[in-house]
Amino acid sequence: MPCSSDESKTEDEADGQPFGNYSSVSVQLMKSMGYQSGKGLGIEGQGMTGIIEASKQHGRRGLGLKVEGFEPSADVQWDFSKEQIDVAEEINWLPECTEDPPSLKELRQWPSEGAKKLTIDDETTFCDPKILQEILSSKCVFDSLEAEEMRRARTRSNPFETIRGGIFQNRAAMKMANIDAAFNFMFTDPKDEDGESLVA
Numbered sequence: 001m002p003c004s005s006d007e008s009k010t011e012d013e014a015d016g017q018p019f020g021n022y023s024s025v026s027v028q029l030m031k032s033m034g035y036q037s038g039k040g041l042g043i044e045g046q047g048m049t050g051i052i053e054a055s056k057q058h059g060r061r062g063l064g065l066k067v068e069g070f071e072p073s074a075d076v077q078w079d080f081s082k083e084q085i086d087v088a089e090e091i092n093w094l095p096e097c098t099e100d101p102p103s104l105k106e107l108r109q110w111p112s113e114g115a116k117k118l119t120i121d122d123e124t125t126f127c128d129p130k131i132l133q134e135i136l137s138s139k140c141v142f143d144s145l146e147a148e149e150m151r152r153a154r155t156r157s158n159p160f161e162t163i164r165g166g167i168f169q170n171r172a173a174m175k176m177a178n179i180d181a182a183f184n185f186m187f188t189d190p191k192d193e194d195g196e197s198l199v200a
């Protein structure tokens, strides 16, 4: 039973064997049942002496089953000081294309037909092969998840999944409202070339 530092003082602390953040009542109760610091609870002092770890069981998997890639890492510590959150979104426009548009004849030569393709691991024309492989390997981790676990994970990771019947009708409306606010209300209060509102 955790308590304040004043309550956790026991006789063993005087002997150089503190019990940590445990109350004197719980320590005395354990000692009355034969507990000795550094020994287990067995009749011969055997047994584990460390703190019992919290259960890591997920869903209805078999007891002791560990899914690779989903075990929490004990050495990961989140540093909030390195996180930068900007309320005003930064807008990056695509550069204007200065090339002439392709002709109709050229466009008709672009499509090609072939056998059905079921993998994308070699689609590296427009992206770095290393990045593609890292993305595919990360997505493969979810193949071992049950359908219900996958739905819960998706709901937690995407805030738009929790909107449902909120102030906006659906997620698309929420995203449109976000675009409207980011681009100076171009949908709800459009302006002309002189900066005058087009809404009467």
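First residue of the sequence shown? That's 1 in UniProt numbering, and the numbers climb one at a time after it. C-beta atoms are modelled at their ideal positions from N, C-alpha and C, and glycine is treated no differently.
A distance below 7 angstroms between beta-carbons, with the five flanking residues on each side excluded, links residue 189 to the following residues of its chain, in chain order: 197 and 199.
Remark: fewer than three beta-carbon pairs, one from each stretch, lie closer than 8 angstroms, so the segment 85–99 and the segment 111–123 are not flagged as touching.
The three-state secondary structure of residue 66, taken from DSSP, is coil. Counting the other CB atoms within 10 Å of its CB gives residue 87 a total below 16, which places it among the exposed residues. Taken through DSSP and simplified to helix, strand or coil, residue 116 comes out as coil. Taking 7 angstroms as the cut-off, the beta carbon of residue 89 is found closer than this to the beta carbon of residue 182.
DSSP assignment within the UniProt domain "G-patch" (22–68) yields the following whole alpha helix (DSSP H) runs of 4 residues or more, N-terminal first: 24–32.
Bounds of the alpha helix (DSSP H) holding residue 136 are 129–140. Between the C-alpha atoms of residue 104 and residue 112 there is a straight-line separation of about 16 angstroms. Using a Cβ distance threshold of 7 angstroms, residue 187 and residue 180 count as a contacting pair. For residue 144, the CB contacts under 6 angstroms within the same chain, skipping 5 residues up- and downstream, are 67 in chain order.
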